[in-house]
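In this note's numbering, the protein residues as written are 24 to 275.
We put the beta carbon where it would ideally sit given N, CA and C, even for glycine.
So the structure is just underneath, and the comments pick up after that.
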């Protein structure tokens with residue numbers, strides 16, 4: 024490894040500590056926009072430095088690749104991959120589409136500059152294997168599902184066929200779903216994730232619904248509302264009402 028000093032540097036280890044502290048403690052205690060964005064900034068800084076330590080001659084490639092992967096991850100286009108990985112039942116991956124997270128990309132030039140000064144800066148005196156392993160753990164652990172959402176289990180009945188319902192979902196709701204159509208989950212036929220902008224929650228949310236045809240009618244079940252940060256129980260009812268107004272009432 025040509026640039027192992029990165030793993031002993033103060034900047035890398037402080038950012039790694041912030042990432043772990045924020046994801047495992049602060050988000051649960053003070054779930055808000057700040058804790059949501061803090062992980063993105065710290066995570067991108069640590070992630071890019073991690074790979075620049077292994078490929079110092081390809082610093083620019085690492086930075087551009089990290090930025091492109093982050094944009095893809097934060098977009099609805101990554102949902103099919105997430106669905107496939109979740110279908111393997113190894114562990115559950117979760118993320119909510121929120122384009123304000125892309126402001127974290129501003130940390131990448133700082134990471135590139137920092138990687139250049141690391142060889143000249145003081146470093147911590149311990150085996151670099153420890154922060155390296157902690158970083159690998161952080162990359163995996165912070166991408167696992169942190170369920171700040173809540174179960175709903177409400178059913179809505181419509182007097183038309185399932186095909187008609189799916190068509191209405193595509194035509195009337197897909198404007199919320201970033202034009203990607205209805206993204207069917209791999210492991211559950213007829214179950215969908217929909218991305219919905221929320222005025223109450225201030226960032227997009229995800230809802231999970233399933234459809235079932237019963238004679239001349241079709242039932243739609245709202246199973247779960249997925250959130251990127253905690254919400255108080257008293258606000259859950261208001262959020263359900265907003266989803267009903269924006270989604271289920273529009274299907275009538």
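Checklist entry - On the premise that residue 39 lies in contact with residue 151, defined as a C-beta separation below 8 Å, what is that separation, rounded to the nearest angstrom? => result Within the chain shown, the letter at position 128 stands for residue 151. Within the chain shown, the letter at position 16 stands for residue 39. The pair is not a contact, with the Cβ atoms about 12 Å apart (cut-off 8 Å).
Next on the checklist: Within a Cβ cutoff of 6 Å, which residues of the same chain sit near residue 90, ignoring the five residues on either side of it in sequence?
Outcome noted: Along the chain shown, one-based indexing puts residue 90 at 67. Correct list, in chain order: 128, 131.
Item to check | Reduced DSSP category for residue 130 - H, G, I as helix; E, B as strand; rest coil | outcome: Against the chain shown, residue 130 aligns to sequence position 107. Helix at residue 130.
Item to check | Supposed close pair residue 215, residue 99 - CB separation, criterion 8 Å | outcome: On the chain shown, residue 215 is found 192 positions in, with the first residue counted as 1. On the chain shown, residue 99 is found 76 positions in, with the first residue counted as 1. No, residue 215 and residue 99 are not in contact; Cβ-Cβ is about 12 Å, not under 8 Å.
Item to check | Own chain residues within Cβ distance below 6 Å of residue 50, not counting five before or after | outcome: Here residue 50 refers to the residue found at position 27 of the chain shown. Around residue 50: 58.
Next on the checklist: On the criterion of 16 or more Cβ atoms from any shown chain inside 10 Å, does residue 230 qualify as buried, or is it exposed?
Outcome noted: Locating residue 230 in the chain shown gives position 207, counting from the first residue. Residue 230 comes out buried.
Checklist entry - For residue 186, is the classification buried or exposed, using 16 other Cβ atoms within 10 angstroms of its Cβ as the cut-off for buried? => result In the chain shown, counting from the first residue as 1, residue 186 sits at position 163. Exposed is the call here.
Checklist entry - If we count the other Cβ atoms within 10 Å of its Cβ and call it buried at 16 or more, is residue 222 buried or exposed? => result Mapped onto the chain shown, residue 222 falls at position 199. With fewer than 16 other Cβ atoms within 10 Å, it is exposed.
Checklist entry - Considering residue 181, what are the terminal residues of the beta strand (DSSP E) in which it resides? => result Here residue 181 refers to the residue found at position 158 when the chain shown is read from its first residue. Start and end: 173 to 181.
Next on the checklist: Rounded to the nearest angstrom, what separates residue 107 and residue 95 at their Cα positions?
Outcome noted: Within the chain shown, numbered from 1, the residue matching residue 107 stands at position 84. Within the chain shown, numbered from 1, the residue matching residue 95 stands at position 72. If you take the alpha carbons of residue 107 and residue 95, they lie about 16 Å apart.
Item to check | Rounded straight-line distance, which links the Cα of residue 175 to that of residue 249 | outcome: For this step, residue 249 is matched to residue 226 along the chain shown. For this step, residue 175 is matched to residue 152 along the chain shown. Between residue 249 and residue 175, the C-alpha separation is close to 10 Å.
Checklist entry - Can you round the beta-carbon distance between residue 165 and residue 42 to whole angstroms, since I take them to be within the 8 Å contact cut? => result Here residue 165 refers to the residue found at position 142 of the chain shown. Here residue 42 refers to the residue found at position 19 of the chain shown. The Cβ separation is near 7 Å, so the contact holds.
Item to check | Rounded Cβ spacing between residue 161 and residue 69 (contact assumed at less than 8 Å) | outcome: Working through the chain shown from its first residue, we reach residue 161 at position 138. Working through the chain shown from its first residue, we reach residue 69 at position 46. Residue 161 to residue 69, Cβ: 7 Å. Contact.
Next on the checklist: Give me the residue from 121, 183, 237, 233 with the minimum Cα distance to residue 275.
Outcome noted: As a position in the chain shown, residue 275 is number 252, starting the count at 1. It is 183.
Item to check | residue 224 - DSSP class collapsed to helix/strand/coil | outcome: Numbered from its first residue, the chain shown carries residue 224 at position 201. Three-state DSSP puts residue 224 in coil, outside helix and strand.
Item to check | Which of helix, strand or coil DSSP assigns to residue 249 | outcome: Stepping through the chain shown from its first residue, residue 249 is reached at position 226. Strand.
Next on the checklist: Let me confirm a value: residue 272 is counted as buried when at least 16 other C-beta atoms fall within 10 Å, else exposed. Which label applies?
Outcome noted: If you number the chain shown from 1, residue 272 lands on position 249. Classification of residue 272: exposed, given that the 10 Å Cβ count is below 16.
Item to check | Assigned exposure category for residue 239 - 16 Cβ within 10 Å defines buried | outcome: Indexing the chain shown from 1 puts residue 239 at position 216. Exposed, because fewer than 16 other Cβ atoms sit within 10 Å of the Cβ of residue 239.
Item to check | One or two residues paired with residue 242 in a DSSP bridge | outcome: Counting from one through the chain shown, the residue named residue 242 turns up at place 219. DSSP, once it has assigned bridges, lists 180, 235 as partnering residue 242.
Next on the checklist: Mapping the DSSP letters down to three states, classify residue 98 as helix, strand or coil.
Outcome noted: For the purposes of this step, residue 98 is taken as the residue at position 75 of the chain shown. Note: residue 98 maps to coil in three-state DSSP.
Checklist entry - What's the call for residue 163, buried or exposed, on a 16-neighbour Cβ count within 10 Å? => result Here residue 163 is taken as the residue at index 140 of the chain shown, counted from 1. Label assigned to residue 163: exposed.
Item to check | Beta-bridge pairing of residue 146 - partner residues as DSSP gives them | outcome: Along the chain shown, one-based indexing puts residue 146 at 123. BP columns for residue 146 point to 32.
Checklist entry - Between the C-alpha atoms of residue 228 and residue 243, what's the straight-line distance to the nearest angstrom? => result Here residue 228 refers to the residue found at position 205 of the chain shown. Here residue 243 refers to the residue found at position 220 of the chain shown. Each residue's alpha carbon lies about 18 Å from the other.
Checklist entry - Which class does residue 79 belong to by DSSP, given the choice of helix, strand or coil? => result Here residue 79 corresponds to residue number 56 of the chain shown, with the count starting at 1. Three-state DSSP puts residue 79 in a helix.
Checklist entry - Whose C-alpha, out of 253, 265, 192, 259, is nearest the C-alpha of residue 241? => result For this step, residue 241 is matched to residue 218 along the chain shown. With distances taken between Cα atoms, residue 241 lies closest to 192.
Checklist entry - Quick one: what's got a C-beta closer than 7 Å to residue 323's C-beta in the same chain, skipping five residues either side? => result Beyond the ends of the chain as shown, which are 24 and 275, falls residue 323; an answer cannot be given.
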